[in-house]
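These notes are about the structure you will find just below.
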Amino acid sequence: MRNQPSRFQGQIARGLPGEDTFREKTTMRAVILSEYGGSDVLRVVEVPTPEPGDGQVRIRVAAAALNPADALIRSGALASRVPVRDYYIPGLDVAGTVDALGADVHGFTVGDTVIGLSDWPDTQAGTHAEYVVLPATAVAAAPRHASPVEAATLPLNGLTAWQALDLLAAADGATVAITGAAGAVGGYLVELATARGLRVVAVAGSQDEGLVRKLGATVFVRRSADPAAAIRAAVPGGVAGLIDAAALNGSVIGALADGGTFVSVLGSGPAAERGIRISQVRVHSDAVQLAELATLADAGLVTLRVDREMPLSEAAAAHDALASRGLRGRIVLVP
Ligand SMILES: NC(=O)c1ccc[n+]([C@@H]2O[C@H](COP(=O)([O-])OP(=O)(O)OC[C@H]3O[C@@H](n4cnc5c(N)ncnc54)[C@H](OP(=O)(O)O)[C@@H]3O)[C@@H](O)[C@H]2O)c1
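What the sequence shown shows, in the numbering used here, is residues 6 to 340, in sequence order.
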């Protein structure tokens, strides 16, 4: 890593030994980065296919969403949290089919259609590949009424929204604000908060008012330079809770009533004031929550939004597209 040639680059250049059948069994195509930087550091190459260990399942990837977290992996923003390796495979979200089982895996059979979340940076197991190995505890049955491309948009952002709402712990019927309400995390937040009986104030651009209202928002607040004042204008006493999916941080804490709760999606939230509790969500895989999310998606209570589908070979172009503002669904890579 860090500008050194990958150990596997030599093999790629020479070609791996064996016949095509051998190659298919032991290597796979994957997006890799062997140095940090812009989208031009991404390459699609053959690497060894991972083998499942105890408690793990191997998934044949049908679709893998691209998230802002993948841009962080690529840029090196997570470098201090991962061991130095020859290369990394990005990708956290996956939808696919169970292809092999390690020892001590219960509840899965080869051929099951599943979704899962790779706990990057802890795992460094990337889903932007033909196969990925994940702990069985990170995998759940896929929604039955969604395509793999749609299903691949659920794990990371659905779980982030779920876990942020758990941290918020708002009382039934409480009024809560969600910034970035039209985004991937924000959209799930609006729907899940509504399903939990909360009254949602959604902060988003004017062009997204119809969308966030359809997702369940009761009050719409147009995004602006002073979101705290804008929310206070709509809810004069301030809101009981706020989940800041647009990472507005200090500029929006003033929207909270004294003693409210602020949940940040960043590593650090704003300075506490007026008895406000500050929490940071740090998403982690959870098969039980993932199964619940899949059930909610099947029930039409969680909307799976796809911006576009792109082949794995166009991963670099997909990263460039993700960097542009205004996407209203995930870009999904298909091997
Ligand atoms: N902590 C964790 O565990 C965790 C997990 C997942 C994601 N995240 C983080 O959560 C954040 C959201 O992720 P995402 O995937 O939902 O991103 P996203 O899809 O790009 O959504 C962000 C949304 O915020 C909107 N926005 C930007 N500025 C705004 C403003 N001033 N007021 C209202 N809305 C505004 C964006 O609109 P435009 O597109 O028009 O700019 C976009 O709709 C990212 O920072 C991501 O890294 C954290």
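The beta carbon of each residue, even a glycine, is placed where N, CA and C say it ideally should be.
| Item | Value |
| --- | --- |
| Per DSSP, what kind of secondary structure is D312 in: helix, strand or coil? | strand |
| What residue does the beta strand (DSSP E) around Y136 start on, and which one ends it? | 136-140 |
| Take A222 and list the residues in its own chain whose beta-carbon comes closer than 6 Å to its own, dropping the five residues that flank it on each side. | V195, V205, A207 |
| Please check if any C-beta of chain C sits within less than 9 Å of the C-beta of A189. | Here there is only one protein chain, and chain C is not present. |
| Tell whether a beta-carbon distance below 9 Å holds between S290 and T266. | no |
| Should the region 265-279 be regarded as contacting the region 236-247, the criterion being three or more beta carbon pairs within less than 8 Å? | yes |
| Roughly how far, in whole angstroms, is the beta-carbon of G60 from the beta-carbon of P140, given that I think they are within contact range, below 8 Å? | 6 Å |
| Less than 6 Å between C-beta atoms, sequence neighbours within five positions excluded: which residues of the same chain meet that for G96? | A69, G131, T132, H133 |
| Beta carbon of L253: closer than 8 Å to some heavy atom of ligand 1? | yes |
| Kindly indicate which three-state DSSP category S269 falls into: helix, strand or coil? | strand |
| My output table needs one value for E51: the three-state DSSP class, helix, strand or coil. | strand |
| If you draw a straight line from the alpha carbon of A105 to that of G255, how long is it in whole angstroms? | 47 Å |
| With a threshold of 8 Å (Cβ to nearest heavy atom), would A186 be considered close to ligand 1? | yes |
| Please confirm if the region 186-195 is in contact with the region 220-236, defined as three or more CB-CB distances below 8 Å between the two stretches. | yes |
| Look up V240 in the DSSP assignment and give the residues it is bridged to. | V240 pairs with nothing; no bridge assigned. |
| Can you tell me where the alpha helix (DSSP H) with L197 in it begins and where it stops? | 189-200 |
| Provide the residue(s) that pair with Y93 in DSSP beta bridges, ordered along the chain. | L38 |
| Assuming Q101 and A67 form a contact by the criterion Cβ under 8 Å, report the distance between their Cβ atoms to the nearest whole angstrom. | It should be noted that the sequence gives Gly, not Gln, for residue 101. Right, their Cβ atoms sit about 4 Å apart. |
| When you compare only the Cα positions, how much space is there between L203 and R90? | 45 Å |
| My guess is that A4 and D117 are in contact by the Cβ rule of under 8 Å, so how many angstroms apart are they, rounded? | This structure gives no information on residue 4, because the portion of the chain shown stretches from 6 to 340. |
| So what's G121 in DSSP terms, helix, strand or just coil? | strand |
| Which of the three DSSP states is assigned to I336 in this structure? | strand |
| For T26, which three-state DSSP category applies? | Bear in mind that a pLDDT of 42 at T26, under 50, signals an unreliable position, so the model cannot answer this. |
| Kindly confirm or deny that the region 273-284 and the region 303-313 touch, where touching means at least three C-beta pairs closer than 8 Å. | no |
| Out of D213, L170, A157, A320, which has the shortest C-alpha to C-alpha gap to R228? | D213 |
| Nearest-angstrom Cα distance between E135 and A235? | 46 Å |
| May I have the straight-line CA-CA distance separating V240 from A260, to the nearest angstrom? | 8 Å |
| By a C-beta neighbour count over all protein chains shown, 10 Å radius and 16 as the cutoff for buried, is A174 buried or exposed? | exposed |
| On the three-state DSSP scale, how would you describe G280? | coil |
| For A35 and R79, I'd like the C-alpha separation in whole angstroms. | 14 Å |
| Does DSSP classify D263 as helix, strand or coil? | strand |
| Looking at V195 and ligand 1, is the gap between the Cβ and the nearest heavy atom below 8 Å? | no |
| Suppose you measure from the CA of A151 to the CA of V337; what does that come to, to the nearest Å? | 14 Å |
| So, V137 versus P55, is the Cβ gap smaller than 9 Å? | yes |
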